[in-house]
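Take a look at the structure below.
Set out below in structure tokens:
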């Protein structure tokens, strides 16, 4: 039978992720991929993980192998809470933490409990495709707010908000990645964060603050990247964190930190989505945080990712001189503006023949025409050698268009 | 601010799981809980798991710690496929397997891609609360079909189906647990399975066949419990499996096996829900299947669970002589009919004061009044000693009501 006629309205709104599809290319032998947002798997903390697991007796193994509560493993919640207070300056009063199955699930659950069909969600333009896919699958209407080199344009945000309120379509929330934005690689200034906090408070506009990369800065210290939510709890801000970039993605662990009423509702939603996140991963992540192994790993990875980023920026200047690229201060991504008239999609079709993959800007933009003028490159997963080889192939292909 | 006014329609349909809430009791020191459906954590395959992980070199660890594709780790999909063909007699032609974050997620995703607000879903009455919560959170309307000692009443199923079709409300699917049903502990006869297959084919009625306990039979062999889906692919049947009961729940792994169009759509839905399931768990589950360790474990656990079940049935006869209970042929649960006039909820309030917990039938029934006349007991996680102690406390409490 043909299922098309019985699929749900939600299914018809779903957008397949180009990045997820690209993972098939990335996994092919000989392909250099700047496409996915994968961490550097050559430098995972292999021995630390083995040592932690081998240190467990059967009693601890039994906890790690059993079902857990939906909110998460209590000692891990405590460890996350302490880190959020000490490092991110978040105030836990009236707030609740829930462990999620990757950062992606936190984003999905918050949108699931807030978005009804047709509700508006504000997003930075460009923004993270995985988050936008979550909002669309909950039948949101996305409205983009332009991103600048120091974060989202707040004047446009406020005027858009006022217009939508007048039209009786107040947005359910604004989704932002303030640190080393995905895909653009830009960071929101602290001045803008403070003003955004005030806007959120004034309009009671929920902000979903996604911060998977915040610990991977290339200069300064944690205070320079303090979250919007660190300005207080008088504005309705949910902070979303992830273990995928500070430990590894393979256990699917993240968390949300927000008002207890909102997170309590998200926890009920999680019961029907996957009941609980991996206890094995949670017991491990708890030991990883409490032993301090995480901080050694972050120190090491900041240097490694910075070297990759610096080298990719250098290669772009050398091999793609007609392109403009952002120079991120942390994270995994930089964003390239193509010369006028060159289509990202056409370029991809050329370079993939030479085994080089990336993502065009198209899936990150509410406006696909604008998106096709950009490329997102991830340097996180590639060796320096492959960065040079790949950028050269892309540079040569751009010259062929001229 | 008060979030109540901005929660989504979906959030308003969500039902908190009494079982998930009961896990708080179960975790308390000194409480004997027959409430949850947790496997016996004293008998997890601890050393097998340690040995598998310690056998991995850094290259394999890197795969286990990285993101994977949304459909799942290809060697695991292959291993599941072979097991489904050989053991469950499923035909892979035109079908697709997707790994899910626990069996719960498979149920959630299938309902997400099929159910629009107000659509009817048919369920056995009583049925599994976690599945019903998924359907409700996708805004389904549940219609119950009575369960009998040899499975669902197919005459009522067919007449209900015909009535709903006439009303232009054809159900999106029928959800069933044919083996050792949760909560009732009954098993659908093969004659009923064959007839259900024909009904599904005739009406193009999708069947979601949930089989988390199918390998844990107490007599006979796998053929005696062959899935409805094993009768062929001409009926639209999705088979849902889980690693939670045949390995452990702590990695959150399950799978769905169904038509490639339907599972392909569910895979797009999964992208926005959690991107992919734990690669660590998948690499491990793959080695666990391919090494044959799973079969040794199942042989051992069938005997252990059978002993617990037999003893609980014996204790019920001894301490709760005025109650009728099912005598399941596998799985984790049995279902108790209370004597007339005794409320399950009132009984729970009495026994919890003596540190004994269970779940009343209420959350498993579309009709809560009927549900309050029943109790679900799980014997899987309790020691023989605690089974006797707990049943005695419940039996004494029932006597107090008389």
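Residue numbers (the working numbering), protein chains in the order written: chain A, 2 to 403; chain B, 2 to 403. Glycine included, C-beta positions come from ideal geometry on N, C-alpha and C.
Reduced DSSP secondary structure (H/G/I, E/B, other) of residue i
i	result
residue 265 of chain A	helix
residue 258 of chain B	strand
residue 5 of chain B	helix
residue 39 of chain B	coil
residue 84 of chain B	helix
residue 129 of chain B	coil
residue 217 of chain A	coil
residue 62 of chain A	helix
residue 211 of chain A	strand
residue 174 of chain A	strand
residue 276 of chain A	coil
residue 343 of chain B	coil
residue 325 of chain B	strand
residue 18 of chain B	coil
residue 333 of chain A	coil
Proximal residues to residue i (C-beta, below 7 Å), its chain only, five neighbours per side dropped
i	result
residue 313 of chain A	335, 378, 380, 388 and 392
residue 231 of chain A	89, 90 and 91
residue 205 of chain A	237
residue 93 of chain B	82 and 86
residue 268 of chain B	71, 72 and 99
residue 196 of chain A	155
residue 330 of chain B	181, 188, 218, 219 and 220
Sequence-distant residues of its chain with Cβ nearer than 8 Å to residue i (five each side left out)
i	result
residue 157 of chain A	146 and 147
residue 26 of chain B	32, 34, 36, 353 and 358
residue 137 of chain B	14, 15, 16 and 143
residue 96 of chain A	234, 258, 259, 260, 261 and 264
residue 290 of chain A	77, 80, 81 and 84
The ligand HEM heavy atom lying under 8 Å from the CB of residue i
i	result
residue 339 of chain B	Ligands are entirely absent from the displayed structure, and the ligand HEM is therefore not among its contents.
Per-residue contacts from residue i into chain A (C-beta, under 9 Å)
i	result
residue 260 of chain B	2 and 4
residue 173 of chain B	7 and 9
residue 116 of chain B	9 and 11
residue 158 of chain B	Those within 9 Å of residue 158 of chain B in chain A number zero; the least Cβ separation is about 18 Å.
residue 282 of chain B	251, 252, 253, 279, 281 and 282
Under 8 Å by beta carbon: chain A residues contacting residue i
i	result
residue 266 of chain B	4, 8, 12 and 15
residue 226 of chain B	Simply none; closest approach about 24 Å.
residue 205 of chain B	2
Spatial distance of residue i from residue j (CA atoms)
i	j	result
residue 408 of chain A	residue 337 of chain A	The structure shown has nothing for residue 408 of chain A, since chain A only spans 2 to 403.
residue 4 of chain A	residue 154 of chain A	43 Å
residue 10 of chain A	residue 107 of chain A	22 Å
residue 397 of chain A	residue 264 of chain A	50 Å
residue 78 of chain A	residue 99 of chain A	7 Å
residue 213 of chain B	residue 246 of chain B	7 Å
residue 299 of chain B	residue 178 of chain A	47 Å
residue 255 of chain A	residue 287 of chain A	12 Å
residue 115 of chain A	residue 211 of chain A	16 Å
residue 304 of chain B	residue 219 of chain B	7 Å
residue 242 of chain A	residue 317 of chain A	31 Å
Same chain, Cβ closer than 6 Å to residue i, neighbours up to 5 away in sequence not counted
i	result
residue 65 of chain B	280, 281 and 284
residue 132 of chain A	108 and 176
residue 208 of chain B	175, 201 and 238
residue 402 of chain A	343
residue 69 of chain A	277 and 280
residue 49 of chain A	294
residue 135 of chain B	108, 109 and 112
residue 184 of chain A	127, 334, 336, 365 and 377
Enclosing alpha helix (DSSP H) for residue i [first to last residue]
i	result
residue 13 of chain A	10–14
residue 53 of chain A	47–55
residue 227 of chain B	Taken as a continuous stretch (DSSP letters only), residue 227 of chain B belongs to no alpha helix (DSSP H), as it is neither H nor E.
residue 292 of chain B	Counting along the chain, residue 292 of chain B falls outside any alpha helix (DSSP H), and DSSP gives it neither H nor E.
Chain-ordered chain B contacts of residue i [CB-CB under 7 Å]
i	result
residue 36 of chain A	Those do not exist, as residue 36 of chain A stays about 12 Å from chain B at its closest Cβ, beyond 7 Å.
Interface residues of chain A facing residue i [CB-CB closer than 7 Å]
i	result
residue 47 of chain B	59 and 62
Span of the beta strand (DSSP E), counted from its first residue to its last, around residue i
i	result
residue 353 of chain B	Careful: residue 353 of chain B lies outside any beta strand (DSSP E) and carries neither H nor E.
residue 143 of chain B	142–149
residue 161 of chain B	No beta strand (DSSP E) holds residue 161 of chain B; the alpha helix (DSSP H) holding it covers 155–167.
residue 100 of chain A	96–101
Chain B residues whose Cβ lies nearer than 8 Å to that of residue i
i	result
residue 131 of chain A	272, 273 and 276
residue 263 of chain A	4
residue 237 of chain A	2 and 4
Proximal chain B residues relative to residue i, where beta-carbon distance stays under 9 Å
i	result
residue 1 of chain A	Within the shown structure, residues of chain A are numbered from 2 to 403, placing residue 1 of chain A beyond reach of any answer.
residue 369 of chain A	Result: empty, since nearest Cβ-Cβ is about 18 Å, beyond 9 Å.
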